[in-house]
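Presented below is the structure to which this report refers.
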Amino acid sequence: MTKVKASNQHIPVLLEESINYLITDINGIYIDGTYGRGGHSDLILKKLGENGSLFAFDKDPDAEKNIQKKHLSDIRFEFIRAGFENINDKKNNEKYSSNLIGILVDLGISSPQIDNALRGFSFQRDGELDMRFDNTQGKSAFDVLNNYSKEQLIKIFKEYGEVESPRRVAEKIILHREKSQIKTTKELANILSANHFRFKIHPATKVFQALRIEVNDELNNLTKFLKEALEIISIGGRICVISFHSLEDRIVKKFISEHANINKELLQLRELPKNFQPKVKKVTNLIRPSDIEIKNNPRSRSARLRVFEKVA
Ligand SMILES: C[S@@+](CC[C@H](N)C(=O)[O-])C[C@H]1O[C@@H](n2cnc3c(N)ncnc32)[C@H](O)[C@@H]1O
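So for the sequence shown, our numbering puts the first residue at 443; every next one is plus one.
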């Protein structure tokens with residue numbers, strides 16, 4: 443197995459843009475749902491006043507181990523190792539629900555996670571097929587690949603990877619695993635590239651995306667997060683979501699339009715009943731990284747930021 447030196451750095455994406463939209467009151471309470479290496483948290487803390495506070499979530503034990511020292515010693519900061527989909531859990535919500543005025547999530551994986559072969563996120567590095575954000579619990583990519591039925595594999599490749607030939611990919615995997623279990627990222631990448639599918643990008647890219655989404659239940663967690671975030675945030679509070687692929691972005695876009703739009707028939711009424719009034723408003727159109735940001739940090743190229751505000 444090739445050893446690749448793991449980097450511990452992550453360059454925050456759409457940093458200024460997201461934080462400028464997020465902060466509306468320097469003495470309010472904020473949540474960074476995806477601490478990673480703390481890039482966004484750092485700028486939030488720099489902008490907050492002495493009565494502001496920041497609660498940072500991350501599932502990854504490595505994120506907790508690598509919390510920036512200056513954050514640990516900042517009394518306005520608290521780290522919670524948990525999923526952002528659980529922000530409204532009783533255990534935590536009483537700490538911040540009184541004046542929660544901004545929530546940011548920067549979805550997906552951090553550079554240290556991609557670059558650490560042991561985490562199994564990248565087909566360019568040889569490591570065990572893990573892919574769990576929280577690698578202390580739950581099923582891994584190895585479990586999914588070696589135990590899911592053909593139909594289950596087809597479904598995730600199609601829905602989460604938008605893989606062009608999901609059935610052929612699943613059949614190839616099943617054929618291989620009948621001989622021996624698929625254990626490493628390189629093994630899987632080799633099985634996939636041995637196929638002559640007409641992929642525009644490396645054949646492993648979409649399959650790895652599908653496995654990661656399945657292992658971490660990413661789309662369901664995002665849906666649950668949006669619902670809970672809207673419940674718990676104060677009126678006037680803003681939710682900023684940075685996503686990295688169209689499946690995530692579609693969920694966010696749909697959520698905003700479902701809660702911002704009014705049924706056309708109701709518009710004929712003189713006064714809208716409370717239950718039918720829009721709950722959110724879009725704060726800005728979709729924001730993408732500038733050419734300069736993409737040049738300096740190619741990993742930012744697929745990022746998209748959406749910002750919306752709770753109005754009722
Ligand atoms: C793109 S990185 C965030 C980087 C961070 N903004 C920074 O500047 O360092 C995404 C992080 O979200 C975490 N994550 C992914 N899904 C999560 C979830 N459902 N709940 C909490 N953390 C999650 C990952 O472990 C990863 O550390």
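Just so you know, even glycine gets a beta-carbon here, dropped at the ideal spot from N, CA and C.
Give the single residue among the options whose Cα lies nearest to the Cα of residue i.
i, options, result
"Y579", "V657, G491 and F750", "Per the sequence shown, residue 579 should be read as Gln rather than Tyr. Out of V657, G491 and F750, V657 has the C-alpha closest to the C-alpha of Q579."
"I543", "S564, E506 and S495", "S495"
"I677", "L457, S460 and D467", "D467"
"F686", "Q719, L549 and K628", "L549"
"H452", "F750, K752 and P740", "P740"
"R730", "V683, I698, Q719 and F697", "V683"
"Q719", "L728, S699 and I734", "S699"
"I522", "F499, L571 and E601", "F499"
"N632", "Q566, I675 and F584", "Q566"
"E604", "F667, K533, K648 and L464", "K648"
"K511", "S540, N662 and G480", "G480"
"L457", "D474, P608 and N534", "D474"
Return the CA-CA distance between residue i and residue j, expressed in angstroms with no decimal places.
i, j, result
"S792", "L653", "One cannot answer for residue 792 here, as it falls past the ends of the chain, which runs 443 to 754."
"K581", "K669", "25 Å"
"S564", "N738", "21 Å"
"G491", "Y477", "20 Å"
"A754", "L487", "28 Å"
"L546", "L747", "10 Å"
"Q594", "I704", "38 Å"
"D531", "I596", "34 Å"
"V725", "E751", "6 Å"
"Y590", "N717", "43 Å"
"E735", "R561", "27 Å"
"L664", "V611", "27 Å"
"F650", "P503", "22 Å"
"V586", "K489", "43 Å"
"R518", "H618", "53 Å"
"M443", "S744", "Annotation note: pLDDT 39 at M443 (below 50); position unreliable, coordinate value reported separately. M443 and S744: Cα-Cα distance of roughly 30 Å."
On the DSSP letters alone, give me the boundaries of the beta strand (DSSP E) that residue i sits inside.
i, result
"V683", "R680 to S685"
"E751", "R746 to K752"
"V547", "L542 to D548"
"Y538", "Segment K532 to Y538 is the alpha helix (DSSP H) holding Y538; no beta strand (DSSP E) there."
"E520", "F519 to I522"
"V722", "V722 to K724"
"F499", "S495 to F499"
"I471", "I471 to D474"
Would you mind reading off the limits of the alpha helix (DSSP H) that contains residue i?
i, result
"K592", "K592 to G603"
"Y463", "L457 to L464"
"I698", "S688 to A702"
"A559", "Looking at the DSSP string, A559 is not in any alpha helix (DSSP H), and its letter there is neither H nor E."
"L490", "L490 -> no alpha helix (DSSP H), and no H or E assigned at all."
"P454", "Segment: none, P454 is in no alpha helix (DSSP H) and carries neither H nor E."
If we cut at 7 Å on Cβ distances, does residue i have a partner in chain D?
i, result
"D474", "Reference to chain D is not applicable here, since this structure consists of a single protein chain."
What I want to know is whether the C-beta of residue i ends up closer than 6 Å to one or more non-hydrogen atoms of ligand 1.
i, result
"A498", "no"
"D502", "yes"
"S564", "no"
"T476", "yes"
"N663", "yes"
"P454", "yes"
"A631", "no"
"G494", "no"
"A745", "no"
"H482", "yes"
"R479", "yes"
"A754", "no"
"G544", "no"
"A702", "no"
"G580", "no"
"A505", "yes"
"P603", "At residue 603 the sequence reads Gly, which differs from the Pro that was named. No - ligand 1 has no heavy atom lying nearer than 6 Å to the Cβ of G603."
"F650", "no"
"F519", "no"
"F584", "no"
So does residue i have its beta carbon nearer than 6 Å to some heavy atom of ligand 2?
i, result
"D548", "Summarising the ligand content, the structure contains ligand 1 and does not contain ligand 2."
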